[in-house]
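Below is one structure; the comments refer to it alone.
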Amino acid sequence: MAKKQTAKSELSPEIKKLTAQVKDLEEALALCQARELRALADYQNLLRQSQKQRANLVRLANADLLLTILEPLEHLSIASQHLQDDALEMIVNQLWKRLKVIGLEEIEVLGKKFDVELMEAVEKKGKGDKVIKVLRKAYRLNGEIIQYAQVVLA
-8 MAKKQTAKSE
2 LSPEIKKLTA
12 QVKDLEEALA
22 LCQARELRAL
32 ADYQNLLRQS
42 QKQRANLVRL
52 ANADLLLTIL
62 EPLEHLSIAS
72 QHLQDDALEM
82 IVNQLWKRLK
92 VIGLEEIEVL
102 GKKFDVELME
112 AVEKKGKGDK
122 VIKVLRKAYR
132 LNGEIIQYAQ
142 VVLA
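Heads up: the sequence shown begins at -8 in the numbering used here, then just goes up one per residue.
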């Protein structure tokens, strides 16, 4: 029996030491797991942010491209009306329909009250604030204004 007591007393400090090591290792593991979760969350946030930035870049590129072709397309529309060429008018209408499909919409301003959010007053005749002439049309792309109307007020 004395041997068992001696063996137990010799093992007791070692058991305490091993128990302390297990506790330390469990704490280290918990810390590593928490770091891993934070790193994963940071990575997912980075992915979302880069996707938003990419989408924003594409949106801006589309808006810039449309702005460069709007004026010539408007001139072509006017020319097709004056020439009364059915084929040319059909092509112009087809182009406008395609642009509408990708989210471009014209904002009607003629006859409406002046709105600083949509229009630039180029000329004012009298004291009124009603649009009597549109010099340049206003457009939205997917709900965002990409070109403001230039108008004459009366």
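Cβ atoms here follow ideal geometry from the backbone N, Cα and C, with glycine treated the same way.
The alpha helix (DSSP H) that contains residue i, what's its start and end?
i          : result
residue 78 : 77 to 92
Which residues mark the beginning and the end of the beta strand (DSSP E) in which residue i is found?
i           : result
residue 112 : 110 to 115
residue 140 : 140 to 144
Of the choices the options, whose alpha-carbon is the least far from that of residue i?
i           : options              : result
residue 105 : 92, 93, 120 and 116  : 120
residue 144 : 125, 138, 12 and 134 : 125
residue 61  : 87, 9 and 2          : 87
residue 97  : 71, 72 and 137       : 137
residue 114 : 93, 141, 8 and 103   : 141
residue 66  : 84, 49 and 51        : 84
Applying the criterion that 16 or more other CB atoms from any shown protein chain within 10 Å of the CB defines a buried residue, is residue i buried or exposed?
i           : result
residue 130 : buried
residue 95  : buried
residue 110 : buried
residue 13  : exposed
residue 46  : exposed
Can you pull the DSSP bridge partners for residue i?
i           : result
residue 98  : 129
residue 135 : 132
residue 150 : Nothing about residue 150 can be reported from this structure: the residues present for the chain run from -8 to 145 only.
I'd like to confirm something about residue i: is its beta-carbon nearer than 7 Å to some heavy atom of the ligand PLP, or not?
i          : result
residue 30 : This structure does not include the ligand PLP; it has no bound ligands of any sort.
Where does residue i fall in DSSP's three states?
i           : result
residue 103 : coil
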